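Below is one structure, written out as structure tokens; comments come after it.
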Amino acid sequence: MKTSEGGNLPIVNGTFAAGDPRAAENFALTSLHALFVREHNYQVDKLHKAHPNWSGDQLYNYARAIVTAEIANITYKEFLPNLIGDDAIGAYHGYNSSVDPRLSFEFNIAFRFGHSIVSAETESLTESGEVVAGSERELRDIFFAPPSDFVASGGADGQLRHLAGDPSQAMDVRIVEDLRNFLFDPPVSMDLAAINIQRERDFGIGSLNDVRESLGLARYTDIDQITSDPGTRAALKIAFSNNVDLIDLWTGGLAENHAPGALIGETFQTVIAMQFEALRDGDRLWFENQGFDAKTLQQIKQTTLADIILRNTDTQHIQDDVFISYTRHTGLKGGVESEDPEARQLVIGSDGKDTLIGGPQGDFLFAGTGKQTLTGLSGAPTISSSTRARPRLSSPTSSPASTSSSSSMPETSTGMMSASRPRMAMPSCRSAMTASNWLAFVPMRSTNLISFSMSDRRGGFRNEPGILCDCRVRLARRGHRLRHVRAGWIAASYGFQPPLPYGRVMISSR
């Protein structure tokens with residue numbers, strides 16, 4: 095697909111052009127459009143190498159199918175679980191011709207919840223987390239800004255780093271002024287919140303309580319049942335004459351207390367879950383039904399938005415789930431200290447002597463070259479190499495009482511280690527861990543021999559913390575890394591030829 099200089103969207107009549115005319119509405123939208131155009135071209139190049147005889151149409155259409163599938167997978171596996179909870183949408187059991195996938199009027203309104211979480215400021219970040227000079231802008235000032243403004247503000251790469259680290263506004267009844275009084279240019283600026291409310295009235299959608307009843311949810315009998323926020327309660331009572339049955343769907347849905355495990359209330363959670371389940375189950379051409387070969391389908395399902403950012407931008411380090419914000423900064427010695435030490439941290443070592451400190455939120459620590467000291471506090475930091483390859487590592491949500499964790503690497507080390515809370519050291523790439531923790535390494539050199547040892551003072555041979563294994567793995571070449579180690583399982587991101595494992599450890603290629 096055609097791009098302009100720097101891998102940006104093509105410019106037509108002085109503005110960025112894409113399939114959606116709103117692609118240049120704001121820098122975040124422009125960045126996402128540019129990202130997936132780059133991903134399409136990445137897939138075309140990859141397919142062309144594998145199938146040099148394919149025509150341009152064949153390459154375009156197959157790459158388009160892959161990118162469409164990736165977007166669907168990211169939506170259902172990353173975005174929706176963060177928004178509505180892990181179990182809000184049921185498992186997929188194949189195409190169901192009796193399911194109507196058309197969008198409901200209720201979904202049309204509920205999915206506009208996003209207008210509540212929009213921030214009024216934007217900026218771009220460098221790889222080390224510093225703000226790009228001149229990139230700090232008000233949202234109201236960048237609506238349909240010219241391409242030169244977008245490029246000068248850091249472009250898609252810097253914007254995506256900012257978006258991955260910038261917490262959204264809370265999902266509530268409060269909307270930033272930029273969307274209330276500055277949409278788009280004076281003298282015809284509009285109030286997006288008022289438009290949303292009027293839109294649902296034009297559709298003839300019932301009240302919040304009417305919709306809840308149609309969904310099989312209990313009607314509210316008092317405004318105080320909707321929200322525990324005193325200010326919102328008072329405002330609703332004034333606006334709707336203290337009559338809970340008069341509250342509009344959009345207003346009431348935004349006001350609801352958030353459902354357990356979700357970022358939105360029960361009504362919007364139900365509407366959105368039902369709609370996305372219908373979109374998937376009633377789609378004959380859902381990506382799992384399109385006939386992708388097993389390898390391609392597996393690659394699609396394993397691709398995250400973080401993967402796509404890493405391979406299509408100059409970003410070298412990013413958290414596994416970019417829908418969860420992390421504060422990006424460098425090590426403390428010669429680097430930038432986080433403005434909010436209590437927030438989740440993504441700490442990047444430089445090419446010198448740094449101290450990277452993980453906080454209490456399960457942070458990501460990426461070691462640079464040189465002498466790097468990596469220290470975790472009470473949380474469960476993920477400690478990674480300085481290579482572009484991004485580890486897929488998590489920490490259990492609960493673990494034994496916290497203790498400090500630290501690792502002091504030799505100057506030649508670019509090793510990677512992830513662990514939960516026990517004290518740990520890494521001489522010669524070796525660590526003692528319990529089975530309830532995660533552990534992984536990236537080799538310092540392609541021929542490096544890595545040892546794993548999982549043990550506990552109690553001993554034993556079981557799924558709980560105990561002696562599970564002591565195995566050694568030789569990676570075949572640079573770039574291979576181990577993936578996911580928990581309760582005695584070791585898996586590799588790429589193929590290699592390990593020795594047979596000891597005990598209950600399983601080594602496999604993924």
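Count along the sequence shown from 1, then add 94; that gives the number in my numbering. Glycine included, each C-beta is placed from N, C-alpha and C at the ideal position. For clarity, every value in this text was computed on a predicted model and none was experimentally measured.
Tell me the DSSP bridge mates of residue i?
{"i": "Gly359", "result": "His352"}
{"i": "Glu215", "result": "Glu232"}
{"i": "Val225", "result": "Leu219"}
{"i": "Val106", "result": "Thr109"}
{"i": "Ser198", "result": "Looking at the DSSP assignment, Ser198 forms no beta bridge with any residue, so it has no partner."}
{"i": "Leu277", "result": "Met284"}
{"i": "Ser98", "result": "Asn102"}
{"i": "Ser301", "result": "Asp342"}
Tell me the rounded alpha-carbon separation between residue i and residue j.
{"i": "Tyr38", "j": "Glu99", "result": "Here the chain has residues from 95 to 604 only, and residue 38 is not among them."}
{"i": "Leu273", "j": "Asp243", "result": "20 Å"}
{"i": "Ile183", "j": "Phe370", "result": "8 Å"}
{"i": "Gln413", "j": "Phe362", "result": "28 Å"}
{"i": "Gly47", "j": "Arg116", "result": "For residue 47 there is no data in the structure shown, the boundaries of the chain being 95 and 604."}
{"i": "Leu391", "j": "Ala157", "result": "13 Å"}
{"i": "His256", "j": "Asn337", "result": "42 Å"}
{"i": "Ser125", "j": "Ala227", "result": "18 Å"}
{"i": "Val106", "j": "Asp114", "result": "13 Å"}
{"i": "Trp380", "j": "Gly101", "result": "29 Å"}
{"i": "Leu153", "j": "Gly359", "result": "43 Å"}
{"i": "Ala166", "j": "Ser335", "result": "43 Å"}
{"i": "Thr424", "j": "Gly223", "result": "7 Å"}
{"i": "Leu348", "j": "Phe207", "result": "7 Å"}
{"i": "Leu103", "j": "Leu309", "result": "42 Å"}
{"i": "Gln410", "j": "Leu129", "result": "15 Å"}
{"i": "Glu133", "j": "Gln384", "result": "20 Å"}
{"i": "Met284", "j": "Ala353", "result": "31 Å"}
{"i": "Met95", "j": "Gly259", "result": "29 Å"}
{"i": "Glu271", "j": "Asn190", "result": "44 Å"}
{"i": "Asp235", "j": "Val193", "result": "44 Å"}
{"i": "Gln137", "j": "Phe386", "result": "14 Å"}
{"i": "Asp251", "j": "Gly376", "result": "36 Å"}
{"i": "Ala365", "j": "Ile341", "result": "For the record, residue 365 in the displayed sequence is Val; it is not Ala. The straight-line gap from Cα to Cα measures roughly 17 Å."}
{"i": "Glu294", "j": "Leu286", "result": "13 Å"}
{"i": "Val245", "j": "Val282", "result": "27 Å"}
{"i": "His187", "j": "Glu382", "result": "10 Å"}
{"i": "Gln253", "j": "Arg313", "result": "42 Å"}
{"i": "Asp318", "j": "Pro324", "result": "9 Å"}
{"i": "His127", "j": "Glu307", "result": "38 Å"}
Under the rule that 16 or more other beta-carbon atoms within 10 Å means buried, what is residue i, buried or exposed?
{"i": "His145", "result": "exposed"}
{"i": "Ile160", "result": "buried"}
{"i": "Ile203", "result": "buried"}
{"i": "Thr315", "result": "exposed"}
{"i": "Arg552", "result": "Confidence at Arg552 is low in this model, with a pLDDT of 31, below 50, so its placement is unreliable and no value can be given for it."}
{"i": "Leu277", "result": "buried"}
{"i": "Val605", "result": "This structure leaves residue 605 out entirely; the chain is present only between 95 and 604."}
{"i": "Leu177", "result": "buried"}
{"i": "Glu350", "result": "buried"}
{"i": "Glu164", "result": "buried"}
{"i": "Asn406", "result": "buried"}
{"i": "Ala400", "result": "buried"}
{"i": "Val305", "result": "buried"}
{"i": "Asn147", "result": "exposed"}
{"i": "Arg378", "result": "exposed"}
{"i": "Ser322", "result": "exposed"}
{"i": "Ser149", "result": "exposed"}
{"i": "Leu197", "result": "exposed"}
{"i": "Glu355", "result": "The residue asked about is misnamed: residue 355 is Gly in this sequence, not Glu. Exposed, because fewer than 16 other Cβ atoms sit within 10 Å of the Cβ of Gly355."}
{"i": "Arg422", "result": "buried"}
{"i": "Arg438", "result": "buried"}
{"i": "Leu311", "result": "exposed"}
{"i": "Ala112", "result": "buried"}
{"i": "Ala367", "result": "buried"}
{"i": "Asn303", "result": "buried"}
{"i": "Gly108", "result": "exposed"}
{"i": "Gly346", "result": "buried"}
message = Taking 8 Å as the cut-off, does the region 298-311 touch the region 261-269 (at least 3 CB pairs, one atom from each stretch)?
response = Note that the region 261-269 does not touch the region 298-311; fewer than 3 beta-carbon pairs, one per stretch, sit closer than 8 Å.
Does the contact criterion of 3 or more C-beta pairs under 8 Å hold for the region 172-181 versus the region 213-225? no
**Message:** Taking 8 Å as the cut-off, does the region 326-338 touch the region 366-383 (at least 3 CB pairs, one atom from each stretch)?
**Reply:** no
Can you list, in chain order, the stretches of the alpha helix (DSSP H) that have 4 or more residues and sit fully within the region 316-349? Scanning the region 316-349 from its first residue to its last, the whole alpha helix (DSSP H) runs of 4-plus residues come out as 324-333 and 343-349.
For the region 115-130 against the region 225-244, do three or more pairs of beta-carbon atoms, one drawn from each stretch, fall closer than 8 Å, so that the two count as touching? yes
Next on the checklist: Whether or not the region 393-403 and the region 162-178 are in contact is what I'm after, with contact meaning three or more pairs of Cβ atoms, one per stretch, closer than 8 Å; do they touch?
Outcome noted: yes
Three or more beta-carbon pairs under 8 Å between the region 283-297 and the region 194-210, yes or no?
yes
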